[in-house]
Amino acid sequence: MSTFMGSVKIGPVWYEVHEVPGLRNPVNDQQLNGRISENEAVIQLEAAMCEQAKRVTLWHEILHAIGMHSGHEFSEEQLEALAYGIMDALQANVSLSVAYQVSTNKPD
Ligand SMILES: [Zn+2]
């Protein structure tokens, strides 16, 4: 069972974001914090994480998509550094946070 959290637009694609309890990699059954499926346009986040961890993980998955859409595969270490860096910049700069919140509202 998953919970729909909303949508994020990455490039031309709207991705649905869902919280999933006990999120696992379907290939190797490894426990995951987040997962993105370009084919389904879905991002899944582990439901048991705290809100801050969910936000960092959402950025991690968004950056995966940006890399894939642009033909640049980032390493997991690069994605973690970028995700934490973006969260830090958003928290330190309220105007960036407001712009971020507005841009994540999918038009009706
Ligand atoms: Zn990753």
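Numbers in the working numbering are just positions in the sequence shown, counted from 1, shifted up by 283. Built from N, CA and C at the ideal position, the CB exists for glycine as well.
Buried or exposed (CB count within 10 angstroms, at least 16 for buried), TYR367: The residue labelled residue 367 in the question sits at position 84 within the sequence shown. It counts as exposed.
Cβ-Cβ distance between HIS347 and GLU363 below 8 Å: Position 64 of the sequence shown, counted from the start, is the residue given in the question as residue 347. Position 80 of the sequence shown, counted from the start, is the residue given in the question as residue 363. Not in contact: HIS347 and GLU363 (Cβ atoms no closer than 8 Å).
Would you identify the three-state DSSP class for GLN374, choosing helix, strand or coil? The count along the sequence shown starts at 1 and reaches residue 374 at position 91. The answer is helix: DSSP assigns GLN374 an H, G or I state.
Compute the distance between the beta-carbons of GLU329 and VAL310, then report whether it is under 8 Å. The residue given as residue 329 occupies position 46 in the sequence shown. The residue given as residue 310 occupies position 27 in the sequence shown. For GLU329 and VAL310, no; Cβs fall outside 8 Å.
Near GLY317, which residues of its chain fall below 8 Å by C-beta distance, leaving aside the five closest residues on each side in sequence? Counting from one through the sequence shown, the residue named residue 317 turns up at place 34. Taken in chain order, the residues that qualify are LEU306, ILE326, GLN327, LEU328, GLU329, THR340, LEU341, HIS343 and GLU344.
So what's MET288 in DSSP terms, helix, strand or just coil? Taking the sequence shown and counting its residues from 1, one reaches residue 288 at position 5. It is a strand residue.
My output table needs one value for VAL381: the three-state DSSP class, helix, strand or coil. Counting from 1 along the sequence shown, the entry for residue 381 is found at position 98. In the structure shown, VAL381 sits in a helix (DSSP, three-state: H, G or I).
Close-in-space but distant-in-sequence residues of the same chain around ALA372 (CB under 8 Å, 5 per side omitted): Locating residue 372 in the sequence shown gives position 89, counting from the first residue. Correct list, in chain order: LEU379.
Applying the 10 Å Cβ sphere with the 16-neighbour rule, what's the burial state of VAL381? As a working mapping, residue 381 is identified with position 98 in the sequence shown. Answer is exposed; the Cβ neighbour count stays below 16.
Can you name the start and end residues of the beta strand (DSSP E) that GLU302 belongs to? Numbered from its first residue, the sequence shown carries residue 302 at position 19. Per DSSP, GLU302 belongs to the beta strand (DSSP E) from 296-303.
Just to check, is the beta-carbon of LEU365 closer than 7 Å to a non-hydrogen atom of ligand 1? In the sequence shown, residue 365 corresponds to position 82, counting from 1. With a cutoff of 7 Å, LEU365 does not count as near ligand 1, since its C-beta is closer than that to no heavy atom of the ligand.
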